[in-house]
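The sequence shown begins at 1 in the UniProt record's numbering and counts up one residue at a time. Worksheet: one structure, shown below.
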Amino acid sequence: MKERVIRFLLTYALFVAIFVLQRPIFIAYYHDLYAGIGFIDVLSVVWHGLPLDCSLAGYLTAIPGLLSIVSVWTAAHSLRIARIIYFAIAALIMSATFIVDLALYGFWGFRLDATPVFYFFTSPADAMASVGAGFIMLGIFFTILYAAVIWFLLTLVERVPLRMPRKRIKTTAAMTLLTAALFIPIRGSFTTSTMNLSVAYFSANQRLNHAAINPLFSFMYSALHQTDFDKQYRYMPPEKADRLFAELIERPAANDTVPQLFTTERPNVIMIILESFSVHLMPSFGGENIAPNLDRFGKEGILFTNFYSNSFRTDRALTSIISGYPAQPSTSIMKFTEKIERLPSLSKTMKNAGYDIAYYYGGDANFTNMRAYLVSAGFERIVCDKDFPLSERTGKWGAHDHLVFEKLLADLRTAKTKRPILRILQTSSSHEPFDVPFHKFNDKAANAFAYADQCLGSFVEELRRSPMWKNTVVVLVPDHQGCYPPNLDNPVERHHIPLVITGGAVKGPMRIDTYASQIDIAATLLCQLGLPHDD
């Protein structure tokens, strides 16, 4: 019995130790983000993350515990093979989640959850487009190497010799109790609260909280809570929630009390959704002079100074901008086709009012279920990567921005429709890995933003010289703030983006300091067009 208990405890301790050691590695890898922390901070990170490690170690030790119980009654060699295979699988899972998390955190600013899995299975090519082939190969190499190290450490337990016990019933009872005791660290407490990510949050410095999170636990927790919407965020009866919400929302004002921003009733509307832009790229907000064209258009037209994104990913931003639907904290409504089919949208309302509508994107329109959403939003014409020759799809995300803008300009010049138009163009070149055919800044991210801004500037100036300019409204809005500038921890600043409305049919210049977000865009535009916006 003694040997089995030692094996059991060693297995559990090894799992915990491996998870604990991941935190100093994570902090060392992102040493620039954790430059100001001390040894005590590192210890605090390890200590507050320990409950998550113990919980996961409990899950992972359960199967070896069950195999130990079986080994009391049989000495079959297959049990040893089963343990070795199980350790190999566990090592690969632990390694893969740690390496993927290590790679993504710098881009996303949060620990691993189920989001990458959704992105990968909807469009593997686009999901991998954020990184180069060399980076991927390096990741695979370190995943295999780290998995081998974990597997070697775990199989050291096999060196503890096992003998058939003389008191089998007593040994079985003891091992059963030990295995059942894993429920304690797995659950985390004897109270009504079960183990969750909140146990790792201990500091006002969110970076320290992030370092304390176990990425495998975060991934599992996210995956298991993706669709449990009926039980999530239910803090009161629906009737009470509806009553309180009705008191909070503002009633639509009469149209004659709203200032008119446009010079014509049915202007053409061109909306540009700028990948990862923020106010930090604009001198008008005290930022760097990286996006001078966007900054200039803000001075010439209408600039919303206190405007905020609703999320941190494009798929959630699109539903906020086009449908006025708030982003969810742990998933994207775009994943659920049965839900997006019922969403109202700016495009659908404008189409019903006689507008000719189309959507332009240089990448894969199937990524994150985007095509299903756009079709549900009324778009019959969706220009995407397949509409560009292979020779032009040289970017990681498909066609570079200047080609997409040129495509839109060419289509506008040859358009034969007499109806007013709605065109939405989504840029992508200012997304990691920031490889663009342009050089102005040594920093790759800043350079990519400067490139996208130049493409935007060239497009607007070409449009300004066209006859349609005087009857056109151009809406410029980012989808979310990206990973520039780095080390931006303030949650408010991480969502602060500009909204610029310019064009020949726009009254300006004007600065609007009212607080607003992406979910206000659709209703605001529809109101200015005199179209219904109460859905």
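Each residue gets a CB set at the ideal place from its N, CA and C atoms; glycine is no exception.
Report yes or no: do the region 162-172 and the region 15-34 share at least 3 C-beta pairs separated by less than 8 Å?
-> no
Is the Cβ of residue 239 closer than 8 Å to any Cβ of chain C?
-> The structure shown has no chain C; it contains just one protein chain.
Sorted by chain position, which residues of the same chain lie with C-beta nearer than 7 Å to residue 42's C-beta, five sequence neighbours on each side aside?
-> 24, 27
Is residue 380 buried or exposed, if buried means 16 or more other CB atoms sit within 10 Å of its CB?
-> exposed
Beta-carbon contacts of residue 444 that lie in its chain and below 7 Å, excluding the five residues immediately before and after | 434
Candidates 518, 79, 216, 47, of which the one nearest residue 316 by Cα | Among 518, 79, 216, 47, the Cα nearest to that of residue 316 is on 518.
What are the residues that DSSP puts in a beta bridge with residue 359?
-> Partner(s): 382, 424.
Please look up how many angstroms separate the CB atoms of residue 503 and residue 301, rounded, as I've assumed it's under 8 Å.
-> 7 Å
Selected residue, minimal CA-CA separation from residue 351, among 383, 266, 427, 411 | 266
Assigned exposure category for residue 201 - 16 Cβ within 10 Å defines buried | exposed
Beta-carbon proximity list for residue 69, same chain, < 8 Å, skipping 5 on both sides | 172, 175, 176, 179
Can you grab the Cα-Cα spacing for the pair residue 387 / residue 326, in whole Å?
-> 31 Å
Within the same chain, show all residues whose beta-carbon is closer than 7 Å to that of residue 88, passing over the 5 residues directly before and after it, in chain order.
-> 151
Count the C-beta pairs between the region 464-479 and the region 302-322 that are closer than 8 Å, then say yes if the count reaches three, no if not.
-> yes
In three-state terms, what does DSSP make of residue 263?
-> coil
Starting from the C-beta of residue 54, find all residues in its chain whose C-beta is less than 7 Å away, skip the five residues before and the five after it, and write them out in chain order.
-> 16, 185
Bridge partner(s) assigned by DSSP for residue 478 = 274
Spatial neighbours of residue 277 in its chain, beta-carbon cut-off 6 Å, leaving aside the 5 residues before and after | The beta carbon of residue 277 sits closer than 6 Å to those of 478, all from its chain and outside the five residues before and after it, given in chain order.
Beta-carbon proximity of residue 297 to residue 499, cut-off 8 Å = With respect to residue 499, residue 297 sits apart: the two C-beta atoms are not nearer than 8 Å.
What are the start and end residues of the beta strand (DSSP E) that includes residue 501?
-> 496-502
Under 7 Å from any heavy atom of the ligand HEM, does the C-beta of residue 353 make it?
-> Among the components of this structure there are no ligands whatsoever, and the ligand HEM is therefore not found.
Apply the 10 Å Cβ neighbour rule to residue 394 and answer buried if 16 or more other Cβ atoms are within range, or exposed otherwise.
-> Looking at its Cβ environment, which holds fewer than 16 other Cβ atoms inside 10 Å, residue 394 is exposed.
Using DSSP bridges, identify the partner residues of residue 398.
-> DSSP, once it has assigned bridges, lists 395 as partnering residue 398.
Taking residue 142 as the reference, give the member of 109, 102, 111, 11 with the closest Cα.
-> 102
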